[in-house]
Structures are given as C-alpha cells and as structure tokens.
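Worksheet: one structure, shown below.
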Amino acid sequence: MNKIKYQVLEGSQNGNPVTYRLILDPLNLKELYPHRISIFWKYEPRESGLASQQTNNDQNTFEDVLDEIEKTGLGIVALVVFGDGRKEWHWYTKDVTEWFERMNVILKEYPAYPLQIEHNTNDDWAYHLAFKEWTGLV
Numbered sequence: 017m018n019k020i021k022y023q024v025l026e027g028s029q030n031g032n033p034v035t036y037r038l039i040l041d042p043l044n045l046k047e048l049y050p051h052r053i054s055i056f057w058k059y060e061p062r063e064s065g066l067a068s069q070q071t072n073n074d075q076n077t078f079e080d081v082l083d084e085i086e087k088t089g090l091g092i093v094a095l096v097v098f099g100d101g102r103k104e105w106h107w108y109t110k111d112v113t114e115w116f117e118r119m120n121v122i123l124k125e126y127p128a129y130p131l132q133i134e135h136n137t138n139d140d141w142a143y144h145l146a147f148k149e150w151t152g153l154v
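Numbering (the working numbering), first residue to last: 17 to 154.
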C-alpha cells in the first residue's frame, strides 16, 4: 500500500471555526475497507465553538485508544471533523462487526463517552467522495 496522504482544511460553520482532516486519495483503500462507520460526539461549545479543555482531552484519549484498531489493519480513519459543537470520526473498515467488537473491548476500561455511532455497509467511500466534492478537492 502506498503512503497515505492527508489534507487539513480549516473553515467555519455558524461563525465558529471547524477543522477537517481527510485522506486525499483513497483509491487503493476502497476494496480493502468498503464499510463506513461514523462516530459523532456532540458537546456544549465554548464561545469559540470549540470543546472545553476537559472534553478535548477526553476526545483525544478516545481517538488515541481507537488508533489501536487502525494499527491492526482492521480499519482506517478517513475523515475527522471538529468544531462548532461536535467532533466526528469517519472510519472505513473490512468488517463492521469485528470493528465494533474490538472497539467495545478497547473502551471497556474507559468511561462511557457521549457517542452516536452509525454504519453503512458497502459505502464505496461515497461519503468521503461527497465531502471532497463539497470542499472542492475533487
């Protein structure tokens, strides 16, 4: 697999800063990781639209813990969005059931986080492509 290239974009929504980090070219990943899992963490934003220091620390811990799944080759984070009262992680995985099982095992020793999780089988990276089109990267 070629080295994965990421792009960081900055924008705003509702007058608040929003940052996006995404894989630029997922072509060599589409067949390997066909299923999308989206994780949403809403929070009460500070005046800047960003999370409090404690929420930011909790989100970073959550992200670091889930990096263990990526290290196994089971999935990859394709898009991260944060600002304006939410943080989102959009994963693509080989196996949705196994991904959830690993996530539950890994997070067992951590507090329950305020997450909303959705998944879409055989997404073919459509969400990712739509986001790239929205940003003008396509």
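Ideal placement from N, C-alpha and C gives every residue a C-beta, glycine not left out.
DSSP places residue 148 in the helix class (H, G or I) of the three-state scheme.
Beta-bridge pairing by DSSP links residue 56 to 104, 132.
Counting C-beta pairs with one atom in each stretch, the region 77-90 and the region 30-40 have fewer than three that are closer than 8 angstroms, which means they do not touch. Membership of residue 47 in any beta strand (DSSP E) is not indicated, and neither H nor E is assigned to it by DSSP.
Secondary structure at residue 86: helix, using DSSP grouped into helix, strand and coil. Less than 8 angstroms separates the beta-carbon of residue 109 from that of residue 53. With a cutoff of 8 angstroms on beta-carbon distance, residue 106 and residue 95 are scored as near each other. Counting only the Cα atoms, residue 85 lies some 33 angstroms from residue 30. Under DSSP, residue 98 shares a beta bridge with 35, 103. Pairing residue 64 with residue 32, the inter-Cα distance amounts to about 6 angstroms. For residue 63, the three-state secondary structure derived from DSSP is coil.
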